[in-house]
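Working notes for the structure below.
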Ligand code: AHG
Ligand code: MN
Ligand code: MN
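Residue numbers (our numbering): 101 to 434.
Shown next as structure tokens:
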């Protein structure tokens, strides 16, 4: 059995110039994940379910667990000298870690502390997503928004924690994707899937089909293609939608599939956030042999202009994302 801590230290030795800072940062995320795991698992027993009565800067109601997870992760990251600041789906602005320690931190962390808010109260899988960049402003100064508005291909690490039937942490530093299952009796994450790749065969599609009428024509045509009978390509495909990006992505990563949150008539840029959701998942997808696109362009090449910017999102097995892109190109909206 190999623990996440041991695995990270072992990998670090492969890189002679590594200073161990990223290792320390990942262990802060690990600690945050354990705290969130613990509280999610007794959620029905303590006063942590339901809405907080507050909305975030995007006008979405914040659940108590959204805020709880945000505070716990922020505290775990602030306790480390490696992090100069964070940006979070639950914070209006960037949070700059003040003082000498924060100003000398080399990294910034962007996060969706609790993904899948609509599933919190009903005991369905939720997640945490994180994305790590090296700051671009000089060391010894407070970080600015510029440090956070970097294209996804500049990420140095990204990952998620899925709180499902077991809790798993899945991450990449650009050398493949590795997954660790949490053993609550020992309090450690143990390596369970090394070098995860999307399987060659892919036949699942995940999309909120209730919005069908508002989808772009290319997505409508692609969905009909998924539902057609064709033995050679194993169609019809199977539909699976949990409504937590982390859980849907995780299943598709292990089983082969595509997740789509397209633009809709009411949300021209879709619902998912480029910096906290799409970039980290896109980095993981590419590292696992998959693909991530906005329907036309590679997600990791988009240069962000706003912290809470949204983007249409197609992610998963390469062949399925490429098919969906072909339909988008072939059937543009008038
Ligand atoms: P969050 O809970 O962080 O706001 O994210 C929810 C996202 C994503 O996880 C999920 O796949 C999607 O919203 C579900 O949206 P719909 O309910 O519109 O399908
Ligand atoms: Mn989310
Ligand atoms: Mn969230």
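Ideal Cβ positions, reconstructed from N, Cα and C, are used throughout, including at glycine. Just so we're clear, the structure is a prediction, and the values are computed from it rather than from any experiment.
Ranked by Cα distance from residue 183, the options 292, 196, 192, 344 are led by 196.
Close CB contacts of residue 371 within its chain, under the 6 Å cut and outside five residues either way in sequence, are with 361 (chain order). Taking every protein chain shown into account, the CB of residue 351 has 16 or more other CB atoms within 10 angstroms, so this residue is buried. Separation of residue 108 and residue 133 (C-alpha to C-alpha, rounded to the nearest whole angstrom) is 16 Å. For residue 357, the secondary structure class from DSSP, reduced to helix, strand or coil, is strand. Of all residues, those with a beta-carbon under 6 Å from at least one heavy atom of ligand 3 are 166, 189, 212, 214, 215, 217, reported in chain order.
Pairing residue 216 with residue 416 gives a Cβ-Cβ distance that is not under 8 Å.
Contact annotation: the stretch 219–232 touches the stretch 375–388, with at least three C-beta pairs closer than 8 Å.
Going by beta carbons, residue 282 and residue 306 fall outside the 8 Å limit. Ranking 394, 175, 400 by CA distance to the CA of residue 426 puts 394 first. Of the heavy atoms belonging to ligand 2, at least one sits nearer than 7 Å to the Cβ of residue 345. Here residue 269 really is in contact with residue 259; their C-beta atoms are around 7 Å apart, less than 8 Å. Comparing alpha carbon positions, the residue from 256, 340, 169 closest to residue 263 is 169. Beta-carbon to beta-carbon, residue 119 and residue 290 are separated by about 26 Å, too far to satisfy the 8 Å threshold.
Under the DSSP definition of a beta bridge, residue 183 partners with 207. Residue 300 is classed as exposed because its beta carbon has fewer than 16 other beta carbons within 10 Å across all chains shown. When the five nearest sequence neighbours on each side are left out, the beta carbons in the same chain lying within less than 6 Å of the beta carbon of residue 247 are those of 208, 235, 236, 237, in order along the chain.
Residue 166 is classed as buried because its beta carbon has at least 16 other beta carbons within 10 Å across all chains shown. Relative to ligand 2, the nearest heavy atom lies less than 7 Å away from the CB of residue 377.
Within its own chain, the residues whose Cβ lies closer than 7 Å to the Cβ of residue 294, once the five positions on either side in sequence are excluded, are 278, listed in chain order. About 18 Å separates the beta carbon of residue 225 from that of residue 211, a gap too long to meet the 8 Å contact definition. The closest heavy atom of ligand 1 lies less than 7 Å from the beta carbon of residue 371. Within a 10 Å sphere around the beta-carbon of residue 250 sit 16 or more other beta-carbons, which makes this residue buried. A heavy atom of ligand 1 is found nearer than 7 Å to the CB of residue 361. If you draw a straight line from the Cα of residue 274 to the Cα of residue 297, it is about 13 Å long. Here residue 138 is exposed: its Cβ has fewer than 16 other Cβ atoms, across all protein chains shown, within 10 Å.
For residue 308, the shortest separation between its Cβ and any heavy atom of ligand 1 lies below 7 Å.
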